[in-house]
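Written below as structure tokens is the structure these notes are about.
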Amino acid sequence: MLERLSRSLRRPHARLLAGLVAATGSVAIAAAAPLPALYTKAQAAAGHATFEAHCSMCHGANLQGISGPALVGQGFASASNNYTVAAIFDELSQQMPAGAPGSLSHKDYADIMAFILSRNGYPAGGTALTYAAAGASTAKLVSQVK
18 MLERLSRSLR
28 RPHARLLAGL
38 VAATGSVAIA
48 AAAPLPALYT
58 KAQAAAGHAT
68 FEAHCSMCHG
78 ANLQGISGPA
88 LVGQGFASAS
98 NNYTVAAIFD
108 ELSQQMPAGA
118 PGSLSHKDYA
128 DIMAFILSRN
138 GYPAGGTALT
148 YAAAGASTAK
158 LVSQVK
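Here's what the structure looks like:
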């Protein structure tokens with residue numbers, strides 16, 4: 018059996034097919050990479066409360082958008098947008114809340130970012146997201162919510 022497989026791979030079309038299968042397999046593995054766990058569950062819960070108090074009037078209780086844009090789903094963060102956590106966090110921490118940008122504490126901004134990540138399908142982990150880590154994160158932000 019091994020000898021027959023070896024002979025068949027000597028044929029040009031068989032080598033091409035084997036190469037395509039190998040390439041497709043590596044693409045599937047890369048696409049299935051796990052999402053990073055950047056925050057804790059407790060932090061996302063705290064972020065939810067802070068979001069309700071300072072953000073929901075414009076972005077909606079379910080992040081669906083009202084007078085401000087939605088902060089969940091493919092319209093917010095699709096793969097084609099090529100957003101990073103830092104890019105979204107910079108906008109959040111420097112431009113929000115409307116009318117009082119930069120007025121929240123560093124902890125509040127990090128907690129809100131954790132809440133946004135949680136609602137977009139990112140898993141919680143064992144380490145809380147810090148203001149500095151959020152501002153420097155190169156992790157891609159692609160909503161898992163369809």
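Numbering (my numbering), first residue to last: 18 to 163. Note that the Cβ used here is the ideal one computed from N, Cα and C, for glycine as well. Nothing here was measured: the structure is a model prediction, and the numbers come from that model.
Separation of residue j from residue i, as counted between CA atoms
i, j, result
"aspartate 128", "alanine 87", "18 angstroms"
"tyrosine 56", "arginine 136", "12 angstroms"
"glycine 116", "alanine 70", "14 angstroms"
"glutamine 60", "aspartate 107", "19 angstroms"
"leucine 37", "alanine 50", "Interpretation of leucine 37 is limited by its pLDDT of 37, a score under 50 that renders its predicted location unreliable; the figure taken from the coordinates is listed afterwards. The alpha-carbon atoms of leucine 37 and alanine 50 are separated by roughly 20 angstroms."
"valine 44", "glycine 92", "Note that valine 44 scores 38 on pLDDT, short of 50, meaning its location in the model is unreliable; the coordinates nonetheless yield the value given after this. Looking at the two C-alpha atoms, the distance is approximately 25 angstroms."
Cutoff 7 angstroms; reference residue i; Cβ partners in own chain excluding five residues on either side
i, result
"tyrosine 126", "Leu109, Ser110, Tyr148"
"valine 162", "Val89, Gly90, Asn137, Gly138"
When the options are compared against residue i, the one with the closest alpha-carbon
i, options, result
"proline 53", "Lys163, His71, Lys157", "Lys157"
"cysteine 75", "Met130, Ala151, Pro114", "Pro114"
"asparagine 79", "Pro140, Leu134, Ala150, Gly152", "Leu134"
"histidine 123", "Gly152, Ser84, Ser95", "Gly152"
Boundaries of the alpha helix (DSSP H) in which residue i is found, first to last residue
i, result
"alanine 151", "148 to 153"
"cysteine 75", "73 to 76"
Sequence-distant residues of the same chain with beta carbon closer than 6 angstroms to residue i, five excluded per side
i, result
"alanine 47", "The pLDDT assigned to alanine 47 is 43, lower than 50, so where the model puts this residue is not dependable; a value taken from the coordinates is nonetheless given after this. Hits under 6 angstroms: none found."
"glycine 142", "Ala54"
"isoleucine 105", "Leu158"
"serine 154", "Val102, Ala103"
8 angstroms Cβ shell around residue i - same chain, five flanking residues per side excluded
i, result
"serine 120", "Pro114"
"methionine 67", "The question names methionine, but residue 67 is threonine in the sequence shown. The residues are Leu121, Asp125, Asp128, Ile129, Phe132."
Beta-bridge pairing of residue i - partner residues as DSSP gives them
i, result
"lysine 157", "Thr101"
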